[in-house]
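Chemist: As they're listed, the protein sequences go chains L and Y. Numbered per our numbering, the first sequence spans residues 886 to 1015. Numbered per our numbering, the second sequence spans residues 7 to 192. Please read through the structure below; I'll follow up with questions.
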Amino acid sequence: TVGCVAVDSYGNLASATSTGGLVNKRVGRIGDSPIIGAGTYANELCAISVTGEGEAILRATIARDVAAMMEFKGVSLEEAASYVIHECMPKGTAGLVAVSAAGEVAMPYNTTGMFRACATEDGYSEVAIW
Amino acid sequence: MGWAIALHGGAGDIPLSLTLGSRQPREEALHHCLQIGVEALKAKKPPLDVVELVVRELENIPQFNAGKGSVLTNKGTVEMEASIMDGRTKNCGAVSGLKTVVNAVSLARLVMEKTPHVYLAFHGAEEFAKEQGVETADSSHFITAENVERLKQAKEAHRVQIDYTQPLQNGTKEETSNTNGEVQLG
């Protein structure tokens, strides 16, 4: 799976996710990536793209959950994303990248690794796997 | 407040012992795609354009599991899927079951912008792709030798696996598979 989230200097957000799915999946199987709210979500607060085991992500609707925690509980992007990945998902099943309207970035995962990269306007940049 | 971008190329059981030959092209690809996204944001492109641009680039890189390099179904075919969402309007588009569309994410955006729907799948999505004149290719374009081998290993192990799952060693029992061979981690 691949995905990208972005926010501009005015706080406009967008998210996109694309995948081939699971190795040896049944023909006709649909995963989380195209399901709005599960593998992909964006609103006026944040944008999220998810990767991992689609069935687990679908059950937990984790992209929307991150946004909902920010919306209803008022927590930060980092706190919401970390909680959803580490407390709501079985270990070894998922990771996500997210940005907020304020330009924050979160990239938590509970798998061994996640191919990921980010950059912010203040000059911070990161490319990492583990 | 300032612009920001984050991208991923998949999560999973990525071994710490990943060889340089496997790691380097992926790291270079991440740098490359990040740079494309950063330049687009600096050029004041809308975030929706930026995420589409970056995901298209990621889809074209065979080391990642989307577009060229998509993993294979149990029939040895590709069935690609994608979605895109605009946070300001909550407009969104999604596609599934694509066999010939080179950049699924762009078709998802066309679903969002050119139809009253959110989600098109399988032959309806392919038909829409033809109507819109998006780039298509024979299925062989998407299938790599590495993914043919991964499918073979997954079939031998009777399991369905997420990105970067390592092959089982001889004699290793798949503890999390049910009788259908599906990983039961959820």
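Ideal Cβ positions, reconstructed from N, Cα and C, are used throughout, including at glycine.
Which first and last residues belong to the alpha helix (DSSP H) in which L:Tyr926 is found?
Modeler: Where L:Tyr926 is concerned, there is no enclosing alpha helix (DSSP H), although the beta strand (DSSP E) it sits in stretches over Thr925 to Ala927.
Chemist: Kindly indicate if chain L contains any beta-carbon less than 9 Å away from that of Y:Gly18.
Modeler: Output row for Y:Gly18: interface = yes.
Chemist: Give every residue of the same chain whose Cβ lies closer than 8 Å to the Cβ of L:Ser934, excluding the five residues on either side of it in the sequence, and list them in chain order.
Modeler: Within the same chain, L:Ser934 has close Cβ partners Gly888, Cys889, Val890, Ser900, Ala901, Thr902, Gly924, Thr925, Ala948, Leu981, Val982 and Ala983.
Chemist: How many Å lie between Y:Ala10 and Y:Val166 at the Cα?
Modeler: When rounded, the distance between both Cα atoms is 35 Å.
Chemist: Judging by CA-CA distance, which residue of Y:Ala12, Y:Lys51, Y:Gly27 and Y:Gln30 is the nearest neighbour of Y:Cys39?
Modeler: Y:Cys39 has its Cα closest to that of Y:Ala12, out of Y:Ala12, Y:Lys51, Y:Gly27 and Y:Gln30.
Chemist: Counting only beta-carbon separations shorter than 9 Å, does L:Gly913 have a partner in chain Y?
Modeler: Interface residue, yes.
Chemist: Residues of chain Y with CB closer than 8 Å to the CB of L:Ser918, please, in chain order.
Modeler: Correct list: Glu87, Ala88 and Ser89.
Chemist: Please confirm if L:Glu929 has its CB atom under 9 Å from at least one CB of chain Y.
Modeler: It does: the Cβ of L:Glu929 has a partner Cβ on chain Y nearer than 9 Å.
Chemist: Could you check if Y:Gly16 is buried or exposed, using at least 16 other CB atoms within 10 Å of its CB as the buried criterion?
Modeler: When all chains shown are included, Y:Gly16 counts as buried.
Chemist: Anyone know if the C-beta pair for L:Val892 and L:Ala965 falls short of 9 Å?
Modeler: Cβ distance not < 9 Å, so L:Val892 and L:Ala965 don't count as in contact.
Chemist: Could you check where the beta strand (DSSP E) with Y:Tyr125 kicks off and where it finishes?
Modeler: Its beta strand (DSSP E) spans residues Tyr125 to Ala127.
Chemist: What does a CB cutoff of less than 8 Å around Y:Ser145 pick up in its chain, not counting 5 residues either side in sequence?
Modeler: Counting only Cβ-Cβ distances below 8 Å, and skipping sequence neighbours, we find Thr83, Val84, Lys105 and Thr106.
Chemist: Among L:Thr996, L:Glu963 and L:Glu956, which has the Cα closest to the Cα of L:Gly977?
Modeler: Checked all of L:Thr996, L:Glu963 and L:Glu956; the closest Cα to L:Gly977 is L:Thr996.
Chemist: Taking the beta strand (DSSP E) that Y:Asp92 belongs to, which residues open and close that run?
Modeler: From DSSP, the beta strand (DSSP E) with Y:Asp92 extends over Met86 to Asp92.
Chemist: Would you kindly work out how many angstroms separate the C-alpha atoms of L:Val951 and L:Pro993, rounded to a whole number?
Modeler: When rounded, the distance between both Cα atoms is 12 Å.
Chemist: Looking only at DSSP bridge pairs, what is Y:Ala110 linked to?
Modeler: Its beta-bridge partners do not exist; DSSP assigns none.
Chemist: Using only alpha-carbon positions, find the residue among Y:Ser23, Y:Ser28, Y:Gly8 and Y:Gly18 that is nearest to Y:Glu152.
Modeler: Y:Glu152 has its Cα closest to that of Y:Ser28, out of Y:Ser23, Y:Ser28, Y:Gly8 and Y:Gly18.
Chemist: Roughly how far, in whole angstroms, is the beta-carbon of Y:Gly103 from the beta-carbon of Y:Ala127, given that I think they are within contact range, below 8 Å?
Modeler: Between Y:Ala127 and Y:Gly103 the Cβ distance is about 5 Å, and since that is below 8 Å, they are a contact.
Chemist: Leaving out five residues on either side along the sequence, give the residues of the same chain with a beta carbon under 6 Å from the beta carbon of L:Ile1014.
Modeler: Excluding sequence neighbours, L:Ile1014 sits near Gly998 and Phe1000.
Chemist: To which residues does DSSP link L:Ala932 through a beta bridge?
Modeler: Paired residue(s): L:Ala927 and L:Val984.
Chemist: When Cβ atoms are compared, which residues of the segment 28-49 of chain Y fall closer than 9 Å to chain L?
Modeler: So the close ones are Arg29, Arg32, Glu33, Ala35, Leu36, His37, Cys39, Leu40, Gln41, Gly43, Val44, Ala46, Leu47 and Lys48.
Chemist: Please determine, among L:Cys973, L:Leu907 and L:Glu989, the residue with the shortest C-alpha to C-alpha distance to L:Leu898.
Modeler: Minimum Cα distance to L:Leu898 is reached at L:Glu989.
Chemist: Are Y:Gly43 and L:Ala941 close, meaning C-beta to C-beta below 9 Å?
Modeler: Their beta carbons are not under 9 Å apart, which means Y:Gly43 does not touch L:Ala941 by this criterion.
Chemist: Check each candidate in L:Ala979, L:Val1012 and L:Ser1010 and name the one with the smallest Cα separation from Y:Gly18.
Modeler: Comparing Cα positions, the closest option is L:Ala979.
Chemist: So, is the C-beta of L:Val984 closer than 9 Å to a C-beta in chain Y?
Modeler: Taking Cβ atoms only, chain Y reaches closer than 9 Å to L:Val984, which makes this a yes.
Chemist: At 7 Å on the CB atoms, spell out the chain L contacts of Y:Gly15, in chain order.
Modeler: Residues of chain L passing the Cβ test: Val887 and Phe1000.
Chemist: Taking the C-alpha atoms as reference points, what is the distance between Y:Leu116 and Y:Pro68?
Modeler: Near 24 Å, if we compare the C-alpha coordinates of Y:Pro68 and Y:Leu116.
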